[in-house]
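Beneath this line is the structure, given in structure tokens, with notes to follow.
Number of protein chains: 2
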Amino acid sequence: MKFSPLLDQLINDLQILPGVGPKSAQRIAFHILERKRDDAVSLAHSLEEAMTKIGHCQQCNTLTELDICAICANPKRQVERILCVVEGPADVAAIEQTNQFSGQYFVLMGHLSPLDGIGPDEIGLDKLAELLASGDYEELILATNPTVEGEATAYYIAEIAQEYGVKASRIAHGVPVGGELEYVDGATLSHSLLGRQLIN
Amino acid sequence: MKFSPLLDQLINDLQILPGVGPKSAQRIAFHILERKRDDAVSLAHSLEEAMTKIGHCQQCNTLTELDICAICANPKRQVERILCVVEGPADVAAIEQTNQFSGQYFVLMGHLSPLDGIGPDEIGLDKLAELLASGDYEELILATNPTVEGEATAYYIAEIAQEYGVKASRIAHGVPVGGELEYVDGATLSHSLLGRQLIN
Ligand SMILES: [Zn+2]
Ligand SMILES: [Zn+2]
């Protein structure tokens, strides 16, 4: 025991947060105990509620506590007949902020990574194939990250789109190669959406 | 709304953590939702329990859920008749790790900072005076941080000690000037404890 049992437990549990080791967990614990008790109780409640209630949208697979997320449930988003495939929910948020896209999304929650055991089923490509088979979409925009894995995943999905006779496009390389989509500024991202290129 | 209501709430609440802005709150939320759900529920529980149950030791003022902390409650620690004054609980832990001190502590939970409205009462010097008046201590080791505020606080407390006829010493400047005690390595800290100098 370094401090009291409860304090040691808190410091230990805080280390599940990415980038937080023993020393910073200690700093965080003291900081909130000294200055943010009420806020930290609110955080405890939203943490527990989020962890137990947030699942995946039944249509686009993004993280949400709803059965169908707000974007998928919006009938105006279906009119475009375009599905934009991204790696994660943060990418949806980044693209939404450009105001350049009014279609729907499909969220892979990752990318193909055979060495880590992440194959097509793990990123929901079976579900994506069903959506393509529905005939509801004319175009698939592949907006995976401009990394090696993101490119490989995009080309893999482009082949599936071809099978279903759906046109596939890749967002333009206005986005910096090797970067991550969610950190790209809005102007660059807008440009890359407008300049998208047909793949097949 | 950027994501779903619960997810937005979680990302908002995570920003009470020191150094966590909107982007890193988002990263943390996705990370734990994707990989650490059970651990995050445990964190939620220990957060709530810590925030509601942890208070201050009635004797030394450190953070603890007990009325009297384990160190103050240990009769062996009273034999030395030495009280070591530190700025925070992390400093207690750092000094304990040196195994060079077997007396008791008094934790200021800060330092004098008149411009921020932190005067003697805010750092418990009234309580410290009571301890000195008890006649239980022969020496007061001033182990506040080797910063301008820490030095000023040490000298202020040395004067109180003098009033009560208790010898006051300052840990030696083996610790780097301008640094913070909790990040000093054990050897340096041991050296600074052994080389402490009388003030009055
Ligand atoms: Zn959805
Ligand atoms: Zn105590």
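So the protein lines, in turn, are chains D and X. Its first residue numbered 1, the first sequence is counted upward by one per residue in full-length UniProt numbering. Its first residue numbered 1, the second sequence is counted upward by one per residue in full-length UniProt numbering. C-beta atoms are modelled at their ideal positions from N, C-alpha and C, and glycine is treated no differently.
Item: With burial defined as no fewer than 16 other Cβ atoms inside 10 Å of the residue's Cβ, what is the status of D/R170: buried or exposed?; Value: buried
Item: Roughly how many angstroms separate the alpha carbons of D/I54 and X/L33, rounded to a whole number?; Value: 8 Å
Item: Quick one: does the C-beta of D/C60 sit closer than 7 Å to a heavy atom of ligand 2?; Value: no
Item: Given that X/K2 touches chain D, what residues does it touch there, using C-beta distances under 7 Å?; Value: A93
Item: I'd like to confirm something about X/I16: is its beta-carbon nearer than 7 Å to some heavy atom of ligand 1, or not?; Value: no
Item: I need the boundaries of the alpha helix (DSSP H) containing X/Y156, first residue and last residue.; Value: 148 to 163
Item: What residue range is occupied by the uninterrupted beta strand (DSSP E) comprising D/F106?; Value: 104 to 107
Item: Short of 9 Å Cβ to Cβ, which residues in the segment 99 to 126 of chain D face chain X?; Value: M109, G110
Item: Are the CB atoms of X/A158 and X/A143 within a distance shorter than 8 Å?; Value: no
Item: Nearest to residue 278 of chain X by CA position, among X/C84, X/T52, X/A90, is which residue?; Value: Outside the modelled stretch of chain X, which goes from 1 to 200, sits residue 278 of chain X, for which no answer is possible.
Item: Going by DSSP, what residue range makes up the alpha helix (DSSP H) through X/A168?; Value: Looking at the DSSP string, X/A168 is not in any alpha helix (DSSP H); the run it does join, the beta strand (DSSP E), is 167 to 170.
Item: Can you list, in chain order, the residues of the segment 174 to 189 of chain D whose Cβ is nearer than 7 Å to any Cβ on chain X?; Value: none
Item: If you draw a straight line from the alpha carbon of D/R77 to that of D/T64, how long is it in whole angstroms?; Value: 18 Å
Item: Taking 7 Å as the line, does the beta carbon of D/C84 fall inside it for any heavy atom of ligand 2?; Value: no
Item: Could you tell me whether the Cβ of residue 221 of chain D comes closer than 8 Å to any Cβ of chain X?; Value: As displayed, chain D neither begins before 1 nor continues past 200, which places residue 221 of chain D out of reach and without an answer.
Item: Of all the options D/A154, D/S102, D/G110, which has the alpha carbon lying nearest to the alpha carbon of D/L194?; Value: D/S102
Item: On the three-pair Cβ rule with 8 Å, is the segment 68 to 77 of chain D touching the segment 9 to 22 of chain X?; Value: no
Item: Under 7 Å, CB to CB, which of the residues in the segment 134 to 166 of chain X have a partner in chain D?; Value: none
Item: Taking D/Y66 and X/S4 to be in contact with their CB atoms under 8 Å, please state how far apart those CB atoms are, rounded to whole angstroms.; Value: First, the residue type needs correcting, since residue 66 of chain D is Leu and not Tyr in the sequence shown. About 6 Å separates the two Cβ atoms, so the contact holds.
Item: With distances taken Cα to Cα, identify the nearest neighbour of D/Q15 among X/D39, X/G21, X/A50.; Value: X/D39
Item: Whole-angstrom Cβ separation of D/V166 and D/E139, contact assumed at under 8 Å?; Value: 7 Å
Item: Does X/D116 pass the burial test, meaning 16 or more other C-beta atoms within 10 Å, or should it be called exposed?; Value: exposed
Item: Taking 7 Å as the limit between beta carbons, can you name the residues of its chain near X/T147, skipping five residues before and five after?; Value: G178
Item: Going along the segment 66 to 91 of chain D in order, which residues come within less than 8 Å of chain X, judged by CB to CB distance?; Value: L66, C69, A70, G88, P89, A90
Item: Please state whether the Cβ-Cβ distance between X/V107 and X/P120 is less than 8 Å.; Value: no
Item: Could you say which of X/E163, X/E182, X/D136, X/V184 lies nearest to X/C72 if we only look at CA atoms?; Value: X/D136
Item: Which residues in chain X have a C-beta closer than 7 Å to the C-beta of residue 201 of chain D? List them in chain order.; Value: Any question about residue 201 of chain D goes unanswered here, given that chain D covers just 1 to 200.
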